[in-house]
């Protein structure tokens, strides 16, 4: 008797965007061929996944588990938050890099005390409107 069994699992964590863990397991007779990898999925996939989670949660009946509905909505919100954060990082990459260069330069100055260095860095961050 020949055994041919395949299993594919995705481990999705919104915080790991755009990476997703992929598990593949194939059993052929007496062999067990397993693969675990982390792979990057495109932004459109993640947005579609978030929209699907939201739509499924919205379409569930009132008799469905509210924990599942809440989980799907949280997954959708988490994914969209990570997508928006990545977009913001990419948009402001040049500003962040120049600010980092400024911080390194100020921090390397020996003629200033820590308070003055901190004040200069804070003032520059406010001018650039860098907020966490």
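Residue numbers (our numbering): 353 to 484.
We put the beta carbon where it would ideally sit given N, CA and C, even for glycine.
Quick one: give me the first and last residue of the beta strand (DSSP E) that residue 371 is part of.
-> 371-380
Determine the extent of the beta strand (DSSP E) in which residue 383 is found, giving its start and end residues.
-> 383-392
Could you give the residue range of the alpha helix (DSSP H) that holds residue 432?
-> 418-443
Which residues does DSSP pair with residue 450 in a beta bridge?
-> According to DSSP, residue 450 bridges with nothing at all.
Beta-carbon proximity list for residue 360, same chain, < 6 Å, skipping 5 on both sides | 376
What separation, rounded to the nearest whole angstrom, lies between the Cα atoms of residue 476 and residue 451?
-> 8 Å
Does DSSP put residue 368 in a helix, a strand or coil?
-> helix
Which word fits residue 437, buried or exposed, when buried means at least 16 other C-beta atoms lie within 10 angstroms of its C-beta?
-> exposed
By Cβ distance below 6 Å, which residues in the same chain neighbour residue 378 in space, the five residues on each side in sequence not counted?
-> 358, 385
Rounded to whole angstroms, how far is the Cβ of residue 374 from the Cβ of residue 392, which I believe are closer than 8 Å?
-> The Cβ separation is near 11 Å, so there is no contact.
By how many angstroms is the C-alpha of residue 430 removed from the C-alpha of residue 362?
-> 17 Å
Under the DSSP definition of a beta bridge, which residues are partnered with residue 362?
-> 374
The stretch 416-433 touching the stretch 445-462, judged by at least three CB pairs closer than 8 Å = no
Note down, in chain order, each residue of its chain lying with its Cβ closer than 8 Å to the Cβ of residue 369, except the 5 sequence neighbours on either side.
-> 398, 431, 434, 435, 438
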